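The sequence shown begins at 1 in my numbering and counts up one residue at a time. Worksheet: one structure, shown below.
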Amino acid sequence: LTARATEAVTLRHPLARHLRDLLLPWLAGIEAIEHRVMESLAELTINYANSSLVAEDWGGPLSLWHGAGPAAGVRAPDGTLHAAPTGMPVRLFELLRDTRHSLLLFAGRDVTAAARHNLTAIGMAIRKIYEQDIAAHLIVADKEVPPDTVWEGSILLDVEQSVHRRYGADMPCLYLVRPDGYIGFRSKPARAERLQAYLEHIFL
Numbered sequence: 001l002t003a004r005a006t007e008a009v010t011l012r013h014p015l016a017r018h019l020r021d022l023l024l025p026w027l028a029g030i031e032a033i034e035h036r037v038m039e040s041l042a043e044l045t046i047n048y049a050n051s052s053l054v055a056e057d058w059g060g061p062l063s064l065w066h067g068a069g070p071a072a073g074v075r076a077p078d079g080t081l082h083a084a085p086t087g088m089p090v091r092l093f094e095l096l097r098d099t100r101h102s103l104l105l106f107a108g109r110d111v112t113a114a115a116r117h118n119l120t121a122i123g124m125a126i127r128k129i130y131e132q133d134i135a136a137h138l139i140v141a142d143k144e145v146p147p148d149t150v151w152e153g154s155i156l157l158d159v160e161q162s163v164h165r166r167y168g169a170d171m172p173c174l175y176l177v178r179p180d181g182y183i184g185f186r187s188k189p190a191r192a193e194r195l196q197a198y199l200e201h202i203f204l
C-alpha cells in the first residue's frame, strides 16, 4: 500500500500526473472508497485468522457458528452495553482498552440457569488463575441480572440484545479478546478445558 501511494505521488509523466489530479478528487468523494481507504490506513482490515496464536472451539456441529459472530483472528466488534447495577451506558471498546486480555462471557438468550451457571463457573476459574492477565465480563441479554446469577465481577446488560446478535451469542459462549482488540479465542458452547488449553499455549 505504501509503495503504491508513493508511486502515485511521485509520477513523472505529465499525462499520468494530469490523470491523477483529475481522478483523485472525484474518487475521494465516493463514500465507499473513502471508507475503504480509512480502514486501510488505520489497519482495520488486517486479520490473523491463519495465525497459530488464535483458535476456535466449535464444541459441536459447525452450524453453531456458521455465519454468526466474528471469527478468531479478526477485530472485535463494538457495541453499547449498560453496566449493572447502575445502568450507565458503556461502549464495549472502552472495556477492551484494558492492557490485559478481555474475556467476554455471553450468557445467551433464553437459556437455563444451569447453562448460565456453567458459564460463570468458567469465568470464576479463569479469574482465579489469570487475574493479572485477564479481565472477565459477564454479558447478560436482559434489562436486569437474573437473581440466581453467581458472579462477583463485571456484569454488563445487553438490553436490546444487539451485542449478542453481533457476536452470534444465541447460546452461552465466550470470546477472549487480546489487548490489541483482536479476538484470540472463541468457544460455543463455552468449554473450560479448551479455553484453558489455549491460555496455557499463549501464556506459558
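Don't be surprised by glycine CBs; every beta carbon is placed ideally from N, CA and C. Just so we're clear, the structure is a prediction, and the values are computed from it rather than from any experiment.
**Asked** Would you call the stretch 106–119 and the stretch 73–88 in contact, with 3 or more CB pairs under 8 Å?
**Response** Segments in contact, no.
**Item:** Residue from 69, 84, 54 with nearest C-alpha to residue 277
**Value:** With the chain represented from 1 up to 204, any question about residue 277 goes unanswered, as that position is not in the structure.
**C-alpha distance - residue 48 paired with residue 125, whole-angstrom precision** = If you draw a straight line from the Cα of residue 48 to the Cα of residue 125, it comes to about 27 Å.
**Item:** Cβ-Cβ distance between residue 68 and residue 168 below 8 Å
**Value:** Cβ distance < 8 Å, so residue 68 and residue 168 count as in contact.
**Prompt:** What number of angstroms, rounded off, separates the C-alpha of residue 202 from the C-alpha of residue 185?
**Reply:** Cα-Cα distance, rounded: 11 Å.
**Request:** Please look up how many angstroms separate the CB atoms of residue 92 and residue 159, rounded, as I've assumed it's under 8 Å.
**Result:** Actually they do not touch by this definition, with Cβ atoms about 14 Å apart.
**Request:** With a floor of 3 residues, list each beta strand (DSSP E) that falls wholly inside the stretch 124–177, ordered by position along the chain.
**Result:** Listed in chain order, the beta strand (DSSP E) runs fully inside the stretch 124–177 are 134–140, 154–157, 173–177, counting runs of at least 3 residues.
**Message:** So if DSSP puts residue 106 in a beta bridge, which residue, or which two residues, is it bridged to?
**Reply:** Its beta-bridge partners are 139, 173.
**Prompt:** What separation, rounded to the nearest whole angstrom, lies between the Cα atoms of residue 157 and residue 204?
**Reply:** Between residue 157 and residue 204, the C-alpha separation is close to 33 Å.
**Residue closest to residue 122, alpha-carbon to alpha-carbon, out of 200, 140, 178, 194** = For the residues 200, 140, 178, 194, the minimum Cα distance to residue 122 belongs to 194.
**Message:** Could you check whether the Cβ of residue 143 sits closer than 7 Å to any heavy atom belonging to the ligand COA?
**Reply:** Ligands in the displayed structure: none, and consequently the ligand COA is not present.
**Asked** Which value, in whole angstroms, describes the spacing of the CA atoms of residue 205 and residue 109?
**Response** As shown, the chain starts at 1 and ends at 204. That puts residue 205 outside it, with no answer to give.
**Asked** Hey, residue 98 and residue 135: beta-carbon distance below 8 Å or not?
**Response** Yes.
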